[in-house]
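Input: a single structure, listed below in structure tokens.
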Amino acid sequence: MIPLKTFVSEHRAANLLAQIRWRDGVYCPRCRAESVIRYGSYRVFQRYLCKDCGRTFNDKTGTVFEHSAVALRKWFLAVYAYIRFNTSIRQLDVEIEVSFKTVYRRVQRFLRALDAPRITLEGPVEIDELYVNAGKKGRERDGRSRSRGLSTRGRGTYHEDKPPVFILADRGTGETYLHPAKAAEESMIRLLLDDRQQESLSVYTDGFRAYEPLDEDDAFDRQYVVHGDGEYADGDVHVNTCESHASLARRWLSPHRGVSKDNLTRYLRALQLRKRVRRKPGDKALKTILETAL
Ligand SMILES: [Zn+2]
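Taken in order, the sequence shown gives residues 1 to 294; the numbers are from full-length UniProt numbering.
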């Protein structure tokens, strides 16, 4: 259920912000001191005075929601709809009656605050790439071939506005990671597979040549499947989990046409967050979304 009450009451939104933001106690956002006292209010927000540095602050100070004339409840609705329903910014500006530019900037600020997921691999790990049409900001998608045949695989690079996104599906932990890269190269693959718990990590890949050097390395037990021939060396050796996440990522990115390649990491972090809240009821989902950015 959508947490509607929070989206219509600024008081409720302010209370929720304070509850989440100060979950480990109130501290001064400027000097980190905990010796603070309540000091009146700023609109519906509690104001505080820091006894260490003598400056005042309120519940919004230093958060992604500060310095905005737009009601907090509207920003809560915006980030909720964005993560939960993958609502485009073009649609959000209509829903909350704020200009496109204002929504765009605030949503980007929210996305920048999302933490990078830490990769710790247990294995076996499926690894695969997808190539995203992502140019410079505001530019339309190019009309180049969408062919996924072997001949074009691995050709997409950041410089050609077709950056690769690596997908790692760790069957040991059940976690999936999406990681944009400048190019699909051996060095990048090694970096991604570096944080592992096992001496020798089982890795399942397709036949793409950038994975071949793993065969020579004792740190990896690589098995691969060639796309499309239907011949599997072993029933477990496949990259199907990666493929389903690749199509999920494509669908996630599709409402944000012309997504800038420089923003790709943020959009994909938003997708990771979406997966975390997918099965949660509305109020818990909103809480998790805000916790991640506050
Ligand atoms: Zn202070």
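Glycine included, every Cβ here is placed at the ideal spot set by N, Cα and C.
Endpoints, alpha helix (DSSP H) assigned at residue i
| i | result |
| --- | --- |
| C31 | Run containing C31: none; DSSP gives neither H nor E here. |
| A249 | N240 to L253 |
| L16 | E10 to R21 |
| Y267 | L264 to V277 |
| L191 | E186 to L192 |
Whole-angstrom C-beta distance between residue j and residue i, which should lie under 8 Å
| i | j | result |
| --- | --- | --- |
| A293 | C242 | Wrong, their Cβ atoms sit about 28 Å apart, outside the cutoff. |
| I96 | L77 | 6 Å |
| L285 | I167 | Correcting the residue identity first, residue 285 is Ala in this sequence and not Leu. No, A285 and I167 are not in contact; Cβ-Cβ is about 24 Å, not under 8 Å. |
| A184 | A210 | 5 Å |
| V237 | Q223 | 5 Å |
| V44 | H11 | 5 Å |
| D161 | K261 | 6 Å |
Under the three-state DSSP convention, the category residue i falls into
| i | result |
| --- | --- |
| I2 | coil |
| E291 | helix |
| V44 | coil |
| E126 | strand |
| V103 | helix |
| P117 | coil |
| F208 | coil |
| Q223 | strand |
| R55 | coil |
| A183 | strand |
| D283 | helix |
| V64 | coil |
| Y158 | coil |
| R257 | coil |
| V203 | strand |
Residue i classed as buried or exposed, judged by whether at least 16 other C-beta atoms fall within 10 angstroms
| i | result |
| --- | --- |
| R196 | buried |
| V8 | exposed |
| D206 | buried |
| E126 | buried |
| R176 | For the sequence presented, residue 176 should be read as Thr rather than Arg. Its Cβ being crowded by 16 or more others within 10 Å, T176 is buried. |
| F100 | exposed |
| V225 | buried |
| R73 | buried |
| P163 | buried |
| L130 | buried |
| C31 | exposed |
| V94 | exposed |
| D59 | buried |
| I289 | buried |
| T120 | exposed |
| K51 | exposed |
| R55 | exposed |
| R144 | Note that R144 scores 43 on pLDDT, short of 50, meaning its location in the model is unreliable and no value can be drawn from it. |
| G235 | exposed |
| residue 323 | Within the shown structure, residues of the chain are numbered from 1 to 294, placing residue 323 beyond reach of any answer. |
| R266 | buried |
Limits of the beta strand (DSSP E) - the one that residue i falls within
| i | result |
| --- | --- |
| S88 | Segment: none, S88 is in no beta strand (DSSP E) and carries neither H nor E. |
| L168 | P164 to D170 |
| T176 | T176 to P180 |
Decide yes or no for the touch test of the segment 106-120 against the segment 73-88: beta carbon pairs closer than 8 Å, at least 3 of them. yes
Would you call the segment 113-122 and the segment 263-279 touching, i.e. three or more CB-CB distances under 8 Å? yes
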